[in-house]
Every structure is written in C-alpha cells, then in structure tokens.
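> These protein sequences, in sequence, are chains A and B. Residue numbering for the first sequence follows the working numbering, beginning at 26 and increasing consecutively. Residue numbering for the second sequence follows the working numbering, beginning at -5 and increasing consecutively. Provided herewith is a single structure, encoded as structure tokens, for subsequent inquiry.
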Amino acid sequence: NAGVMQNPRHLVRRRGQEARLRCSPMKGHSHVYWYRQLPEEGLKFMVYLQKENIIDESGMPKERFSAEFPKEGPSILRIQQVVRGDSAAYFCASSPGQYNSPLHFGNGTRLTVT
Amino acid sequence: DAKTTQPTSMDCAEGRAANLPCNHSTISGNEYVYWYRQIHSQGPQYIIHGLKNNETNEMASLIITEDRKSSTLILPHATLRDTAVYYCIVREPNAGNNRKLIWGLGTSLAVNP
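Written as structure tokens, this is what we have:
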C-alpha cells in the first residue's frame, strides 16, 4: 500500500514565479492536510481539505497561497509570486477520516526561492 | 501554541531502552496523545497514540499516567536508526472532525553506539 506521495521532492523558483506542490493521499484516504516547516522549527498547520472542499484554512497566508483537492487527482498547494520567505519544507498528510485516526505524512517538498 | 512540554534533547545508548517524557497537564477528557518522529529530511512518521490505557505496537510502548497529565514513549531497544526528533502532540480541543495537530519543537533523541 503506497504511502502519501508528494512531488516534486525539491523545487527551486525565482522570486515572482509560481510554485505548485502536489500531494497524492494514501489509498482510501479522503482527508488531506498541508503543513509548512521552517529550518529548526516545528510543523505549522496551513490547511485541511476533504474532496472538493476546504474545511479549515486558518493557517494559510491571506495572499498568494491557495489549495485544492479535486474530485479526481492530487491535492495541489499553489504559491503565487513566491518570495524568499516562502522557502521551507511543505508536508502533506492524509487520513481516512475516522475519529482520532492518525495522520500519515509524505516526505515533503523542499521549496527554495532564489 | 503546543499543549505539550518535552525536553529539548536526550541521549541513549544503543540497545538500551529510550524513555521520552511528555507533559500535557491541560489535556481534556477525550483528547488523545499522539507520538510522531521525524528523521532528518523526511516527513513525520506516526508511532503510536493513546487515550487512557497503555498502548504497545511493533515500534514502541506508550505509558499514560492515571491523571493523564503526562506520558512516556518507550523504545525498548534503541538503535542508531531511532535517532530523530520525537513529537508528543495532543489534538487541539473542539476540533471536531478536524484532525489538525499543533506541533511543538519535540525532543531530539541521539542514540549513541
């Protein structure tokens, strides 16, 4: 059973470009979470999605960031007009949705903005 | 803010048991305690979780005190590959179906040969 798949593993963008990060949840999981981790810091919640719905985006910056989880295909985290401060590791997690079922994480996308 | 307190770092000799403590004095009655670990450059790995009773799986044991204000993760025979940052997490209260987890800085465990 494949785990959570994230791609690309590493992404380099110049300031002002767009970054698109993809996440395919584990088979049978319909809940997806995105987290951001800066060097030497813990994970920070960004957004929680179920199929075609954003449930909680309280951790998302108000501008330039968006997320989707369409009926078909992976979840996408999009960052427009990237700035150097967006450089971080972005992790996706999925769960089947049962109460207190644990999250399972991918190995992340490391975004570097030059 | 994270609802848990953990030591910043710990050392353990290879082959010995590693006991990682966590304080969660404000835990609510129906909140579970989760443990994850993060090996350098990888995503967090789920280890174990529990509510009241002690739990054991193929990776570790979780001991939760009777008042549920603290817990200990036990790696019975630590290996070098267990060197990682270990996170103790209590789910945010009133989260409903949202399994959003609030992460602290964890304990950096170094297993030494």
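Cβ coordinates follow ideal geometry from the N, Cα and C atoms, glycine included.
Does residue 97 of chain B come within less than 8 angstroms of chain A when only Cβ atoms are used?
It does; some Cβ of chain A falls within 8 angstroms.
> Going along chain B in order, which residues have a C-beta closer than 8 angstroms to the C-beta of residue 129 of chain A?
Here the neighbours are 40.
> With DSSP as the reference, please indicate the residues paired to residue 92 of chain A in a beta bridge.
Answer by DSSP bridge pairing, in chain order: A:102.
> Residues of the region 15 to 27 of chain B in Cβ contact with chain A at a cutoff of 7 angstroms, in chain order, please.
Listed by position along the chain: 26.
> Ignore the nearest five residues each way along the sequence and tell me which others in residue 14 of chain B's own chain have a CB closer than 6 angstroms to its CB.
Here the set comprises 67, 80 and 101.
> Does residue 84 of chain A come out as helix, strand or coil in the three-state DSSP assignment?
Correct three-state label for residue 84 of chain A: coil.
> Quick one: residues in its chain with C-beta nearer than 6 angstroms to the C-beta of residue 40 of chain B, no 5 flanking neighbours on either side, listed in chain order?
So the list reads 30, once near-sequence residues are dropped.
> Just the chain A side, please: which residues come within less than 7 angstroms of residue 0 of chain B by C-beta, in chain order?
Here the premise fails: no neighbours, minimum Cβ distance about 11 angstroms.
> Rounded to a whole number of angstroms, what is the C-alpha to C-alpha distance between residue 116 of chain A and residue 54 of chain A?
Each residue's alpha carbon lies about 16 angstroms from the other.
> Enumerate in chain order the residues of its own chain whose CB-to-CB distance from residue 57 of chain B is below 7 angstroms, with the five nearest sequence positions on each side excluded.
So the qualifying residues of the chain are 48, 65, 66 and 68.
> Hey, could you find the ends of the beta strand (DSSP E) residue 76 of chain A is sitting in?
No beta strand (DSSP E) holds residue 76 of chain A; DSSP gives it neither H nor E.
> Give the residues of chain B in contact with residue 132 of chain A, contact being defined as C-beta atoms less than 9 angstroms apart.
Ordered by position in chain B, the residues that pass the 9 angstroms Cβ test against residue 132 of chain A are 35, 36 and 37.
> Where does residue 96 of chain A land, buried or exposed, given buried means 16+ other C-beta within 10 angstroms?
By the neighbour-count rule (16 or more Cβ atoms within 10 Å), residue 96 of chain A is not buried but exposed.
> Going by C-alpha to C-alpha distance, which of B:50, B:6, B:9 and B:63 sits closest to residue 84 of chain B?
Of the listed residues, the one whose Cα sits closest to residue 84 of chain B is B:63.
> Three-state secondary structure (DSSP) at residue 28 of chain A?
If DSSP states are grouped into helix, strand and coil, residue 28 of chain A belongs with coil.
> Would residue 120 of chain A pass as a contact of residue 48 of chain A if the rule is Cβ separation under 8 angstroms?
Going by C-beta atoms, residue 120 of chain A is not nearer than 8 angstroms to residue 48 of chain A.
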